[in-house]
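Chemist: 1 is the number of the first residue of the sequence shown in UniProt numbering; add one for each residue after it. Using N, Cα and C, we set each Cβ at its ideal position, and we do this for glycine too. Take this structure, written in structure tokens, and hold onto it; I'll ask about it next.
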Amino acid sequence: MRLLASLATFCAAMVMLFAHQTAIFVDSSIHVNFGDLAAYW
Numbered sequence: 001m002r003l004l005a006s007l008a009t010f011c012a013a014m015v016m017l018f019a020h021q022t023a024i025f026v027d028s029s030i031h032v033n034f035g036d037l038a039a040y041w
């Protein structure tokens, strides 16, 4: 039972980390795209 709980905690932590990394990636790519548009204009 303890093992199952720690496994669930680990999975939740990995999902949170992955979501955080994805958000950073999306955010930075949006900023880059806006920067490119500004430079283009």
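Let me know the secondary structure DSSP gives residue 14 once reduced to three states.
Modeler: helix
Chemist: May I have the straight-line CA-CA distance separating residue 4 from residue 16, to the nearest angstrom?
Modeler: 18 Å
Chemist: Please report the straight-line C-alpha distance between residue 27 and residue 1, rounded to a whole angstrom.
Modeler: Note on geometry: alpha-carbon atoms of residue 27 and residue 1 lie some 39 Å from one another.
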